[in-house]
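One structure below.
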Amino acid sequence: TRTQKPTPSGFQTNEYADAQLQQIVRRMRERATVYKEKLKDPLLSSPEGSPTASPSKKKPPPPPKEEKKEEKKEDAEAKPEEDHYCDMLCCKFKKPPLKKYMEYLRLPDSIDSYTDRRYVAWLMLVTVAYNWNCWFIPLRFVFPYQTPSNIIYWFTIDFICDICYLCDLLIFQPRVQFLKGGDIITDKVEMKKFYHSSMKFRLDVLSILPFEVLYFFFGFNPAFRANRMLKHNTFFEFNDRLEAILDKAYIYRVIRTTGYLLFILHINACIYYWASDYEGLGSTRWVYNGKGNMYLRCYYWAVRTLITIGGLPEPQTLFEIVFQLLNFFLGVFVFSSLIGQMRDVIGAATAGQNYYRSCMDNTVSYMNTYSIPRIVQNRVRTWYEYTWDSQGMLDESELLEQMPTKMQLAIAIDVNFAIVNKVDLFKASSFTGECRNGCDTQMIYDMLLRLKSIVYLPGDYVCKKGEIGREMYIIKQGEVQVLGGPDGTKVLVTLRAGAVFGEISLLAAGGGNRRTANVVAHGFANLFTLDKKTLNEILVHYPDSEKLLMKKARVLLKEKGKPAPGPPVQQPRGLADLFGQKKETPKLFKVMFGGKGKEGLAKLLKMKREQDIQVMPRKREHSRERKPKEKNKEKSKQTKILKETEAENKPEPDQKKPVEPTASSVPPAQKEEPTADTKPKPPAVMHRGTTNESLIISMSPSPRAGEGEILKVEAKEKTQK
1 TRTQKPTPSG
11 FQTNEYADAQ
21 LQQIVRRMRE
31 RATVYKEKLK
41 DPLLSSPEGS
51 PTASPSKKKP
61 PPPPKEEKKE
71 EKKEDAEAKP
81 EEDHYCDMLC
91 CKFKKPPLKK
101 YMEYLRLPDS
111 IDSYTDRRYV
121 AWLMLVTVAY
131 NWNCWFIPLR
141 FVFPYQTPSN
151 IIYWFTIDFI
161 CDICYLCDLL
171 IFQPRVQFLK
181 GGDIITDKVE
191 MKKFYHSSMK
201 FRLDVLSILP
211 FEVLYFFFGF
221 NPAFRANRML
231 KHNTFFEFND
241 RLEAILDKAY
251 IYRVIRTTGY
261 LLFILHINAC
271 IYYWASDYEG
281 LGSTRWVYNG
291 KGNMYLRCYY
301 WAVRTLITIG
311 GLPEPQTLFE
321 IVFQLLNFFL
331 GVFVFSSLIG
341 QMRDVIGAAT
351 AGQNYYRSCM
361 DNTVSYMNTY
371 SIPRIVQNRV
381 RTWYEYTWDS
391 QGMLDESELL
401 EQMPTKMQLA
411 IAIDVNFAIV
421 NKVDLFKASS
431 FTGECRNGCD
441 TQMIYDMLLR
451 LKSIVYLPGD
461 YVCKKGEIGR
471 EMYIIKQGEV
481 QVLGGPDGTK
491 VLVTLRAGAV
501 FGEISLLAAG
511 GGNRRTANVV
521 AHGFANLFTL
531 DKKTLNEILV
541 HYPDSEKLLM
551 KKARVLLKEK
561 GKPAPGPPVQ
571 QPRGLADLFG
581 QKKETPKLFK
591 VMFGGKGKEG
601 LAKLLKMKRE
611 QDIQVMPRKR
621 EHSRERKPKE
631 KNKEKSKQTK
641 ILKETEAENK
651 PEPDQKKPVE
661 PTASSVPPAQ
671 KEEPTADTKP
681 KPPAVMHRGT
691 TNESLIISMS
701 PSPRAGEGEI
711 LKVEAKEKTQ
721 K
């Protein structure tokens, strides 16, 4: 009989299928979340991701379990080969394998002479061999330091130097890249052909020619190795490459110039010993007498001669006189040239310091000319000193302006991108965690080029409470304190390097852009700033990022308990900006009319028409009754005024009586008598009359309280011309 295996009580599931289903569910949830945000905020761009350059391929199905087991075994076998440990005393140290060393030391097919440090190290080795030949070939040729007892040592070192020359000729120089029409040539055949056609190759071949075979015929004479000093191109190339990679290249320039001076003195000492040997050691007072250390004595004489110190014995023979004259002329020329070169080297090394001193002196002179207070002058000096000590220059932008835009961007990314990426407003993964929902990377790159560095002194206010926020601040170095409390002196929080504040003010447009606290620099603080105008200029080219930033700003404002920014206010164009913005309708009118816009205005006009219809009959009856009363009242006022004027303006006996004006010459509005209800005027006389030919009418307050004003009329005769 055939037995069946018992089935397990639980369900059997495929792990791969289960993982795929879970991944599909997760993607569906993320997509639903994105669509919900799209419904809440229509400013969001399309939730679908932008197509990539090459469509991503689906993951291949997982291999069977047996293949997985075989791969695990292979990994386990390969792992012990990668990890290498060294036991020393009681400790166990991990060291990299020998393969990595060999890969690093392996000579590349082409060498970039400007960036490859291994090539610079090789040039240094060849330069040491070149200096050995330059210093010791004249020394061994003139001074009797090479003897049969030590010649094996000299020959061994010479052989090592020749091997360096030969390796440089056959291995390194044919692999050096070169430029041709703006292109970097890396082809082996082309590089070798270019080197073989250069003057450097010819000199290198001459410097390695084996004239030492003449040793077998003329003995071990160092003069046969004089051709080794023709490899001077490698020496100068090493100087250029080393200066390019050193942080303080001027130090090496000073050392190199000093080496030139010592080498010239060395050659002069060798020539002086040769001249003394030619004349005979100790034959005259001028030559070397053969006592003491021969090299030091000759070197001392060379120093005193080339530097023209004087105090040397007088030459006796014609040869000695000519030799001394040539030595003096050569000494003056060489010494003046080296002094000038040393001055240039030191001047170039201190050019930045001199510029800083010049700027500071000019600023101090300006402040003294205009009598600036001493406190302000001290703060200006402090700013200059701190800025120079912290960054070695007064303005970093001056240095970067000389570079192309691509290089400026590369430096800005390395220096500032990590700091800007900390800002919640510009993070790529602020909401959904996917890069496609973040800000455009190119927009952030453009923003990095617009950041400005500002140094604040201790106690300086970065921003004050209630100010309109127009900048965002990123702390590059130092600390700032956020102050609050009733008196504004309580430290709420201390922000350090890398912190960001004021980023919401860049996009807030509806009351959320005012500073809520004072921010003061605690010590010296170096901050990056980005103003709103600059950001708007950048966002013009990135509309999708602008919409996303507006959404992020609203979310961050809600998190911080601030009102969300409203839509940006459009500026009026044309003649519309001559008039002010339309005021909002009062709330009382809205409540009364219960309508908005044209409906409320139509209701208001309808009520006005009904009121006018009811009032018109009453006005007509009132005007009919009032007309005869007003006429009688007007006549009585005119007669009263004329009587008062006759009593006040009586002529003297010796004067002629002026012509009385008629009642019609006085305007009715000016002949009205003030009633008792009118309030008294101020004591100053107010002229309300008009001048008609020689008639002057004026009003003045009455000296008695409660009587109102008095009308005065003065008549004068016209003067006859």
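Be aware that the sequence shown starts at 1, since it is given in the UniProt record's numbering, and climbs by one per residue.
The beta-carbon is built from N, C-alpha and C at its ideal position, and this holds for glycine as well.
These numbers come from a predicted model, not from an experiment.
Need the endpoints of the alpha helix (DSSP H) that residue i sits in, please.
{"i": "Ser453", "result": "Ser453 -> not in any alpha helix (DSSP H); beta strand (DSSP E) instead, spanning 452 to 456."}
{"i": "Tyr145", "result": "First-last for Tyr145: undefined, no H or E at that position."}
{"i": "Phe417", "result": "405 to 420"}
{"i": "Ser397", "result": "396 to 400"}
{"i": "Leu107", "result": "Element bounds for Leu107: n/a, residue is neither H nor E."}
{"i": "Tyr215", "result": "215 to 218"}
{"i": "Glu237", "result": "232 to 245"}
Go ahead and pull the three-state DSSP assignment for residue i.
{"i": "His522", "result": "strand"}
{"i": "Thr186", "result": "coil"}
{"i": "Gly478", "result": "strand"}
{"i": "Leu306", "result": "helix"}
{"i": "Ile255", "result": "helix"}
{"i": "Arg374", "result": "helix"}
{"i": "Pro701", "result": "strand"}
{"i": "Phe501", "result": "strand"}
{"i": "Arg515", "result": "coil"}
{"i": "Leu169", "result": "helix"}
{"i": "Leu548", "result": "helix"}
{"i": "Ser390", "result": "helix"}
{"i": "Glu555", "result": "As written in the sequence, residue 555 is Val, which differs from the Glu given in the question. Of the three classes helix, strand and coil, the one that applies to Val555 here is helix, per DSSP."}
{"i": "Asp612", "result": "helix"}
{"i": "Asn268", "result": "helix"}
{"i": "Trp301", "result": "helix"}
{"i": "Asn293", "result": "coil"}
{"i": "Pro543", "result": "helix"}
{"i": "Val287", "result": "coil"}
{"i": "Lys657", "result": "Below a pLDDT of 50, predicted positions are generally treated as unreliable, and Lys657, at 42, falls in that range; no measurement from the model is reported."}
{"i": "Lys248", "result": "coil"}
{"i": "Ala676", "result": "Residue placement at Ala676 is flagged as unreliable, the pLDDT there being 40, under the threshold of 50; a coordinate-derived value is accordingly withheld."}
{"i": "Pro315", "result": "coil"}
{"i": "Asp158", "result": "helix"}
{"i": "Asn362", "result": "helix"}
{"i": "Asn131", "result": "helix"}
May I ask which residues mark the beginning and end of the beta strand (DSSP E) holding residue i?
{"i": "Lys533", "result": "Run containing Lys533: none in the beta strand (DSSP E); it sits in the alpha helix (DSSP H), 532 to 539."}
{"i": "Lys200", "result": "Element bounds for Lys200: not the beta strand (DSSP E) but the alpha helix (DSSP H), 199 to 208."}
{"i": "Val322", "result": "No beta strand (DSSP E) contains Val322, which is instead part of the alpha helix (DSSP H) from 318 to 349."}
{"i": "Phe178", "result": "178 to 180"}
{"i": "Tyr461", "result": "461 to 463"}
Roughly how far, in whole angstroms, is the beta-carbon of residue i from the beta-carbon of residue j, given that I think they are within contact range, below 8 angstroms?
{"i": "Lys476", "j": "Ile419", "result": "7 angstroms"}
{"i": "Lys36", "j": "Asp109", "result": "Contact doesn't hold; Cβ gap of about 57 angstroms is too wide."}
{"i": "Ala412", "j": "Leu449", "result": "6 angstroms"}
{"i": "Gly459", "j": "Val520", "result": "6 angstroms"}
{"i": "Val120", "j": "Ile271", "result": "Val120 to Ile271, Cβ: 34 angstroms. No contact."}
{"i": "Tyr153", "j": "Pro174", "result": "Actually they do not touch by this definition, with Cβ atoms about 33 angstroms apart."}
{"i": "Arg202", "j": "Glu212", "result": "At roughly 20 angstroms, the Cβ-Cβ gap does not stay under 8 angstroms, so Arg202 and Glu212 are not in contact."}
{"i": "Gln377", "j": "Met367", "result": "5 angstroms"}
Under the DSSP definition of a beta bridge, which residues are partnered with residue i?
{"i": "Lys471", "result": "The sequence shown places Glu at residue 471, rather than the Lys named in the question. According to DSSP, Glu471 bridges with Asp531."}
{"i": "Gly484", "result": "Lys490"}
{"i": "Arg357", "result": "DSSP lists no partner for Arg357."}
{"i": "Ile111", "result": "Val176"}
{"i": "Leu495", "result": "Val480"}
Q) If we count Cβ pairs, one from each stretch, closer than 8 angstroms, do we get three or more for the stretch 546 to 555 versus the stretch 476 to 488? A) no
(Q) When you compare the stretch 251 to 267 with the stretch 152 to 159, are there three or more beta-carbon pairs, one atom per stretch, that lie closer than 8 angstroms? (A) no
(Q) Could you check whether the stretch 334 to 352 touches the stretch 303 to 319, counting it as contact only if at least three pairs of C-beta atoms, one from each stretch, sit closer than 8 angstroms? (A) yes
Q: Tell me, please, whether the stretch 383 to 399 touches the stretch 461 to 468 by the rule of three or more beta-carbon pairs shorter than 8 angstroms.
A: no
Q) How about the stretch 222 to 230 and the stretch 130 to 137: do they share at least three Cβ pairs that are nearer than 8 angstroms? A) Flag = yes, the stretch 222 to 230 and the stretch 130 to 137 touch.
**Q.** Validate contact between the stretch 239 to 253 and the stretch 275 to 282 using beta carbons, cut 8 angstroms, 3 pairs
**A.** Segments in contact, no.
Q: Specify whether the stretch 485 to 501 and the stretch 529 to 545 touch according to this definition: at least 3 beta carbon pairs, one from each stretch, less than 8 angstroms apart.
A: no
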